[in-house]
Structure formats: C-alpha cells, structure tokens
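Chains as they are written, first to last, in this note's numbering: chain A, 5 to 222; chain B, 426 to 1234; chain C, 7 to 442. Yeah, the Cβ is synthetic: ideal placement off N, Cα and C, and Gly gets one too.
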C-alpha cells in the first residue's frame, strides 16, 4: 500500500514544520486518518518509512491517543461528553437518546456504519454543557431532542452548522483540518456566543471597566 | 549484577561524598544512584523497572525511600547521592515501608495468578519481592483486566500481556541497547501492553535478553516455555562456543540435557547481554550425536570398540608420518587446539596444520603470525569505549561479533566515539552505531586503505587514527582480499592505532595462539626459529631436531590436498597421505566441491567429531568427542582474553578431543601426556607467550577490485551454520535470505523492477529475492551461508566477480 | 464588591476581533514593536516584577521560569504553549483561542523574543478544531503581515510558529509529557531533573507556558508592572479569566481580579439554579483540586487563600453543583476520566485508578461496603505522593474530599443505587426529561 505523490508531498510539507522529523508523527497520523477514515497498519508503515522509524514506534504513538481510530469511523463522529459536569447537567440523557437513535453504544457504529458514537471526555466547553460534538466541531448546549434532531438532519444530508464553528463537513474533513489547520474556515462560527460573553455582558450592564494605566482602580 | 564500571577504589577521594543509609554512613562516588549505593551496602530496595545497564525511568515506583528533607518518598533508582544526604529505606522508615507495600499491592492488582504455570516461578523477582514487601492477602475484589495469551512477538519470544507490570525494561532494552525498537508499549493506562507492529516481529539478534531481564513471566521463549522449573536445573557458568565475542553464559542442565542458556555477568566483555545465537543455538548438543567410534570396513562405517578404533587410527597415522596434515577448524577449545598442535608435531611428524575452515590465504597466515598470534591482551572492549575513533575494515559487528556491536553502539551514543565502517553495504548495524559509512567495493578494501595511507582520501580519519587510543578492527573475510591485511597492518603501525583481528568462530584465536597453524608453534612462536623450537621441545620432552619443519611455506594445507588430485594424475607423489580432522564442515571451505572429492582420495582420514557430516562420509576412523558443554576448557576471545569454563553437563559419556589424541598417541607409542584439560593448560602456561622476533607483517600489494558485478558477502549471525541445527524458532527469526543491490546498479543491469536475481559463477548459480538498498555501485550483497545461498558451493566469496541477471520470483 | 475587569475579554463582542484587522483596531500589536525595542532581559525582568503566575494550574511565577533559561549557551531555545486544556471543568483557554487568538500570537512573539527562542510551538488538543483553525489562521495572518517570520518589523528577531494538533490525551497537558508528545513519542511524563528550562524540547532549553499566561503578556508590555499589580493580591497579582460552569443561571467567561470570591462570582453569574438554589459543592479549578462547600464561598480566589482552605486555585475555572447532584456519581465520573487518561507509566496511577473506579462503580449501583470506604482512602493515600506525576495526585483527590463532606452519601450508596437517591433528571439544565 502506498499513498499517491500528492499525499507524500503533503507529508513532507508537514515534516518540514519541525526541526526534528519524528515530531511530525501526530499530524501525519491525522493526515492518514483523513484519507483512510481510520489509522491502518499500512498507513502507519508508510509514516514509519517516511520518518525512519519502525512501524512499532508509530503504532506505539497511534495507540496512545484516543482520537486515532483503528476501525473505519464512517461519515460522522458523534461525541457526547459524559464527564461529570456535562453528564450531571444532562449529558447522560443526551447520550442515551443519541445511543438509542443510532442503535449503537460507546465506540460503536449505527447499522449503516455512517455514525460512530463515542463517550468523550471534557471538551473544554463546560460553560456550554451538555456538550456534543459532530466530527469534533462544537454542538453546544444540547438536549436529548436537539441532539437526536441533529442526527436526523445529518442522516438526511441536510446542512448542520456547528454552534461555534463552520458547517459540519465530515470526520475525514476534520482530520484533514487537524493536519492542515489553515483550512479557510476560521471565519466561520462567530467571534463569541452569549455564553462566552456572559461576563462581558454583565460588566457592561454594571458599567464596569478595567482601569487603564494611570487610572487607578475602577 | 553488573556494577557500574567505576568502583569506589578507582575514584579520587575528592569525588567521594558522605551518605547515610539507614543510619550507616558510607563514602561513595558523587552522583551514584541511591539504589546502587544501597546495593553496595547489602541493602536491597525492591525494584522492577530499574536495571543497572538501562537509563533509569522511575516508573514502577517500587523503590520509594525516604530522603530527609523531602516530604514525599523518592525513587531510589533516579536520585543521585549528594554530600550529606540522609536516606532511610524500608528498613528504618515507615514512610518508605508503607509506600513500597502500597506499590506492591498495586503491582499485583491485575497480575494473573499464573505462578503454577508460569516459567518464571521459582526465579521471579515479582514473587520474591511480593514475599518481602507485599501483603499476605489481596484486597482487590474487582475483575482483573485480561488479554489473549500468549502471543508471539517473534517466533522465539512469547508474550503474556497479563503478567506484564509495564516496567518497560524490554522496550528500553530493545530501543537503547539493541537499537531495534520493534518492541514497544502500546495503548494507554491499565490497557498499556507490550507489543509489536503486526508486520514487524521482534526479530532482533538480541531479543532473548528481554526474557532474561523481564522481572516477571511476561516474556518467555518458545524453546524453554513449560520445560522446566529452576530447581530442576543444574547451572554452570560457561563460555559461549559460537563466535569470538567471548560471552560468559550460564548453562542450565536437567538430567544431562541443556535446557536453556542465559547471558551471564562479565563486566569487561558482555556485561549482562548475549545474542540469540549464543542463547538459543544449543540443540546440536543432544541431537544427532555419534554414539561410538566407527571404523570403515568394505566401504561402510561400522561401530567399533575404542581399543579397535584407536589401534586402526594409530597404525594409519603412524604409517603416514611426515606426509600428513591436521585440520582443526575454529571450534575447538584452546586446550584441545593445543592438543592437536602438539599431536601434529610429535605424533604425526608434520607441521601442516590449519585451523581456518573458511576463506583463508597465505597473506593472512603471515599477518596472524606477525601481528596476532601469542600477542598480549588488546585491543579490548574497554579500549573501544575510550577510542577517539574505531575503524571497521571488512567487519560487520552485528552479524560477526554481536557484543562488539553492542559495545560500539553504546560507545557512539554515550561516549561520542566516532566509528567509521569501510564496507560495501550501509547496513542497519552501521546506522545503529551512528557510524560513518565509507562505501567500498567488495575486494577493494585494500585499495581503500592504501588511499588513506597515501593521504588521498579520508584525511580526517587518518588524523583521528593517529590519536592515542585509536582502534582498527579487521574482519576475517579480509583474508580473501589480497593486500587488505597488509594495508591494515601498515595503517596500524604507521598511525599507532591498535589493531584487533576479529574472527568469526570462538576457537580461532585460541587455536592460533596454540600453534594450530603451519609456520607457528604455540604462543606465537615462529616454527623455524631455533630458540622457539628449543622452548617448545623442552616442554614437550623431545629433541628440538625432532620437531618437523614449519610447514611448507607459501601454501595452505587445503591447497595441498586439492593439488594432490593433479599430482596423482601426473604420477607424482601425494603430499598428504593422511589427515586428522576435528569437527569441520567441508562446505565452509573455498572450492568445497573439489575439496569433497579430494578428501575422498586421501588414503587415510581420521576424524574426531560430534555429528555425521561430509568428513565422516569419507573418513576411515571416526571418534565421537564431547561437545563444549560436556568438557572443561577455555576460549580465547578476539581481544586475546582467556575465558575458562567447566563442564556444564556432568558425567557425560563423551571424551574431549585432547583425551582422544592422548589415547591415539599412546597407541602410537608416542609420549604425549594425559591429554586432560588440566595438563594441557599447565603446558600452555609453561610455554607462555613468545617474546622473540616475529616474522614481518605481509606486504602484499592490492589487486584491483574485480569488474562486472563484485560480490559482497559475509555470514549472517543466524544462518545455515551447523551449530544452529535443530532450533526452528531461532531459525525463523533470521534475516531474510535476499540479495541487496544499489538502485543505480540495478538500473544499469536492467534489473530496476526485478523481484529476484540470479547470481552466477562458472561453478553454478543461486536465485534469490532482491531488494534495493544502500550498496556501493557495481556490487551485490548476498548472505554467505544461508539456506538457498551457499556461496562457497558456487565458488564465490567476498570480492569475487559474479554475473547478475533477473529471475522470476 | 470586586468589580469585573474585562481586559483579555474586553472586545469579545467585536465580530471580527479574532482577525488581525479586528485585533489591530482594538489595540492589538502595539505591545509587539514596543517589546522588540526593549532588551529581552528587560522583558523578563518586567514579567518577573509583575509577579504573574502561570495560569495552567501550578501557579509558578512566570518571569522566574523564563529566567531559568540559560542565555548565550549557543543552543536553540523553544517556547511551547500548552494549549492542551483538558481538565474537567476548565474552559478558559479554548474560548481565548477562539475569540482572541491574536493576543496569544502576540504574546508568543514577545515571549519568544524574551527567552531568545526562534521557534515556538502551540500544542492544541486535537478535539477542538475551531480553536486550532483560529490560532493557525491567526499565525498565518501574522506571517503575512510580517509579524512572524524573518526579521520581524526590522528588529533582527526571527520567529517561526508551528501549530501542533494533539490527538486526545489529557496527560499531554503535563509539561514534560507534552514535550515528549511534541517530539513524536507517547505522551508520558519525564524524570525531573533535568528541567525543561535546561533540557526541554529536543533536550535544549524550553519554556512551557499556558495559553492564558502568554495572553497576559501584551497587556503587561503595554500597561506596565504597576498597572498589573493593582489587580489581585501581593502573592496572586493580576486578573483572571474565570470560566464559571455548572448549576448557575449564566455560565460563561468572567474576567476579574484575583482575590474575588466565589460568592461574588456567583452573584455575577446569576446565582445557583435548580435544586434548592444553594451550592452543594463547588470546585475552584478543575477536578484535580479538592472540592469545597458553601462554607467556603467567601474564600478569596487566590493561590494562597485556596491553599489555606485545603484546596488549590488550579486553573481558576469553578464548577458549581446544586443539591440534586450525587457526589458519589460526580466522583465516579471523575475517576473514570482519570482511569481513561492515565498514561500507564507508573504503577500507582495505572493500577490505582483502575481499582478506585471499579469500587466506585459498585457504589454507584448501591453495592459499596463500609470496608470499601476505608479501602478507598488507603488506595488514594497509596497513589498521592507516590505516582510519577501530578495526574496520580489528581486522581487521588476527588474521593477524599467528597468523603470528608459527604460521608453519608457514600454510606447510603452501600444500600441504595445513587440514581434512586438523586434522580438524575433533577440536575438536568433542560426540562425535556421529567424527573423520575
């Protein structure tokens, strides 16, 4: 198995970002996953050859990190945070609803193999709990109904927009973004939503500003 | 246990610090690890991930101790002592004791109750330390994590993941020491496990060491799994009989059969490692052994009694006195080789003796006589550690002397030793030693060395060689490259670099020193030097004049045997009417086909050997002798270091070569001595080294490297060698038998897309899969003696010209 | 009443503030030319004088960390930004990267200049592509504007910035594990000494700093030491991006001086919602620090006051829970997190988290025992202070804290499944699922 020259050129491009080529193994694995919908043994071997490592060394890295999957993910990766805060605030119910809708459990796929469901860890979005992700893009503040609705719309091929990101593409597209993050979509998703602006909003309402130099405390 | 090379007695007082451990004050070198200090004092702190030869990781947390001033317990394996440090181990500190007990409880949490069926039981650090440090009962009531078990990480090495305690000794060894990171930790957390990539088994030449350092029974060998309990075994320290690295081993025997071999401690030589060949290739000792003396009658060999066989041998050898020869091969112990060397001169009246059952030359004989035979110890492994540069000439350490490889790899990584390899192939071994590859045509080594001498090339290497401590190591295949050994000797003498000769077999240096080469008497004595002859005659109790001349100058014994065929045709007298042959494979010689036929024509052949082979096929008398494990003796390693050992298999019915020769001498009415190891050793000690004048080093001019395609070759560590018979797991880990060619060479030959090639000479051809690799232009590399690739059988050797054409796979 | 002080967040309502253009219009990239005109050691001195403490959780003085880098050693130096925010409860760095990536970039350039690094890395956890693309695009914009690259603004200082995507491993937020991960190995922590300041990325001097820490730098350069020190306390100077989450009316980002109390923050956040409107327990900064109760709402949010209260400020990202929540379940989920994220290197954390989680899961289903309660204390005690890195300590933290304040809940869980005592739906922030 080998990748075409275009992909190999992309790999070399990624390797060039680092003073030491071994550092490129993580983005190269994201790139391979973006092409193959998973990390395959052959993909790891190509990466190993490119970096002058043994396949075992690349496998050691690939199996350490949760995001590298070793079975095809399908079209969409659905993550529901069931860490403490999200779970207690309703994430468990969101997960149950999505799980029932997909007929799949943790790290399983629906019968068509289109959706991969995963209980994910804290997404650094606790203020927006319960948090769901689609292809790792934010789908904040979910309820069981809204979450299932998103699945339904994706299943019907309708456009779904990330709450703080771009239009949902697919799992492999996100993986490509992780390898090549200047993907032209940074302009999507808005500056900040009302939750991120909560404190600023209150400060404005109360007329609170931070002092500038020379002003002394407000 | 290997202690770090620097011991307190070698350290200046100003580098010592005062440390208190459990209330006892000691002065130790600054920077020593707490765990090592404790060991010196006889205090054992529990440990799993720590190993004196591996960089500390402090992962297992079993070695936690209390250091005054630190609120939390500290890992003794990762803390260096400082002046005034106060350490309290589990013996005097509740903090340390509680911490260690806690960690031990965790270690046993997911560990399966496999002891009844686990190889490690009875010699298991986890068992032992659980007894000293752990709780009597378990409080864990949840389900242990399980894995399918065992799985193969190579044909030889089996892995029981459940038993693994994630100490990472095996993965660190594979990566740091061997340079073969095919064994890695996979997954994360409690699911963390040792593993391989599916298409890349852990076929490292050093894989067996991981079994030995694994502190639990997670890694076991296919060869030994389920075979024995440690208390069934009788263990004996021995020396490895395979290559000339000189490893110390421990041989474990049960009911007279070797069950396994471990690497044993020799800090100066192999530290605590050995290679897989030394570890696993011993099945030959108990399979296919010849049981009794054999005598040929009416063309067939038949069993005979010892008296009968000795009588036939004695009469046959006596009748050919003065027109006989001795082939000892390179596998004899030093004492047995000496017995042959003496027997040849006193009983057979001949100086025609040769230990080189391989590609050899007269230039090599002169080189060995001038620069190696009977020389004092050195260069040594320690010299490699200290050298500013080590130049490898026609030597691939990973295949031909694995312990030199390990030592050089570490020297390059940790001590900045610069290594330059003059070789036709940029091997993985070269990269693993961080060595500079100096691409050289096979057969062109002599010219390359002349270029350095002439200052035309590699001026920086020449300059480095002039620095004190520089070392040149030359491999045995340089015997087949005219001018190479001459140039190497000149390079050494003109730069002051120390020159080391590295043969492939364990017995070669000892045989050389014992005088088993025409032109040499024991101790490196020139055979025609009057004083030398006097010294030897005095020890042997004979008249100096009765010693035969040195041996016909300028030709080897094998040449003489081969030449006899045409002599007979021309109605000339044979040169060799009788041969005494030790355990030697005909196929190892150049012109093996011709030699086979020529041997058949030798009127009388006596062989002392362990297994049937092509020599017993034509021998007139066959004596069964002991394998190395059944006798005491010693091997001299490539450094010139003597490594004595006692018999590992006691009460064996077999007899060592020296004893058999003594019995034959007795039957010939020749005064020889008892032939016991003690007696032979005593004679060798009496003889000592030659201190007189030596022959000059050879001055053979280089010949041009052969044209067309030049063949590069050496013997892989694991190949079709006779001593590796009978161990299929080991054989399955051998490197693939394939030809290697550079991309440009392949293209020039129209073979860029070929998947297989045919290598041909006038005498035959071999077909092999081919792979593009870093090989010097105009050359092809092929393993010398692997299944399907017996180069000597088609008359090819390193430096030969061969034809290379495409073949279908 | 401690006022809110929007500084880093002051312009988050400007729709294009995440772009170079938008950032520049609101005071961005003014500090950079000023800094490039200063001596690098002067910048280090300034940061030292501010007393700025690392915002990643450990609170180590930033200027001091920078000063550990040997100068004139002839070796490359690196700045590595730890953007691996994965601590349960922590969500301040990701919003900063989404809303204000250029402040981070400007901070990176100035900080690299100060420590004489010509190559900086921003290691962002892989699960947040929006943060990654915002930061990477900001770097690209800065490159195109000549603010990153060769001879920046004619100063003679050159800098490359590499944005690196993680792949899902909380342990990579530990600085030495991050370095190993960035080097292309499994993200397992390293032995210290040697410290990253002398032997960091690729074994050369490296400074690893948190996103928020670096984001402070442009304001420090622009406004100076005195301005900075007017916020916070003597030992915890400065202002903090607090993320308030949990059972509050207005969860979100609140920026205030250190020293503000949780009661004040709760007030700004609209108070507790659900349950009986009171705080049952709260955690000042991520699950790795001990929990507190309503009794501690007036403790100032500073490093020293939190330490005195028996916990830690940590990331300064409080989570608040009302009385509908089962502490047993909360702790169990956190331990499942630590078990999942344990790197496996050291025995206590690898095996201990496996054990604790197994026992807690039994409690969750009502099958705990009294002996288990004591056992867990011992197991946590055998992990804390014994593990290789702070993840072990963190894993050993939730249970003892919970047992201290809510022993009765664990006792109840020896008889009754927690879902029966604390019906989950009562805690949900949406009304779709009726409380059973």
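Rounded straight-line distance, which links the Cα of residue j to that of residue i
| i | j | result |
| --- | --- | --- |
| residue 979/B | residue 740/B | Confidence at residue 979/B is low in this model, with a pLDDT of 47, below 50, so its placement is unreliable and no value can be given for it. |
| residue 797/B | residue 1113/B | 15 Å |
| residue 61/A | residue 44/A | 14 Å |
| residue 460/B | residue 501/B | 5 Å |
| residue 441/C | residue 430/C | Confidence at residue 441/C is low in this model, with a pLDDT of 40, below 50, so its placement is unreliable and the value that follows should be read with caution. Roughly 7 Å between the two C-alpha positions. |
| residue 1224/B | residue 927/B | 19 Å |
| residue 986/B | residue 951/B | 24 Å |
| residue 307/C | residue 180/C | 23 Å |
| residue 1157/B | residue 580/B | 6 Å |
| residue 249/C | residue 699/B | 58 Å |
| residue 440/B | residue 453/B | 8 Å |
| residue 406/C | residue 118/A | 43 Å |
| residue 696/B | residue 729/B | 46 Å |
| residue 1129/B | residue 869/B | 7 Å |
Residue i vs residue j beta-carbon contact at 8 Å
| i | j | result |
| --- | --- | --- |
| residue 131/A | residue 339/C | no |
| residue 705/B | residue 757/B | no |
| residue 113/C | residue 243/C | no |
| residue 1211/B | residue 1142/B | no |
| residue 201/A | residue 19/C | yes |
| residue 1102/B | residue 1083/B | yes |
| residue 37/C | residue 116/C | yes |
| residue 85/C | residue 121/C | yes |
| residue 77/A | residue 175/A | yes |
| residue 433/C | residue 280/C | yes |
Interface flag, residue i vs chain C, CB-CB below 8 Å
| i | result |
| --- | --- |
| residue 528/B | yes |
| residue 1038/B | no |
Assigned secondary structure, residue i (DSSP; H/G/I helix, E/B strand, else coil)
| i | result |
| --- | --- |
| residue 342/C | helix |
| residue 979/B | In this predicted model, residue 979/B has a pLDDT of only 47, less than 50, meaning its place in the structure is not dependable; the value taken from the coordinates is given anyway. Three-state DSSP puts residue 979/B in coil, outside helix and strand. |
| residue 1072/B | coil |
| residue 180/A | helix |
| residue 89/C | strand |
| residue 1204/B | strand |
| residue 1032/B | strand |
| residue 38/A | helix |
| residue 306/C | strand |
| residue 515/B | coil |
| residue 5/C | For chain C, the structure presents residues 7 to 442; residue 5/C sits outside this window and is missing. |
| residue 810/B | helix |
Min CB distance residue i to chain B below 8 Å
| i | result |
| --- | --- |
| residue 45/A | yes |
| residue 381/C | yes |
| residue 175/A | no |
| residue 397/C | no |
| residue 49/A | yes |
Min CB distance residue i to chain E below 8 Å
| i | result |
| --- | --- |
| residue 415/C | As a matter of chain content, chain E is missing from the structure shown, whose protein chains are A, B and C. |
Query - Meets three-Cβ-pair contact criterion under 8 Å: the region 62 to 74 of chain A and the region 27 to 47 of chain A - result: yes
Requested in this report: Take every Cβ of the region 1172 to 1181 of chain B, pair it with every Cβ of the region 25 to 43 of chain C, and state whether three or more of those distances are shorter than 8 Å.
Outcome: no
Requested in this report: Taking 8 Å as the threshold, find out whether the region 984 to 998 of chain B comes into contact with the region 730 to 747 of chain B through three or more Cβ pairs.
Outcome: no
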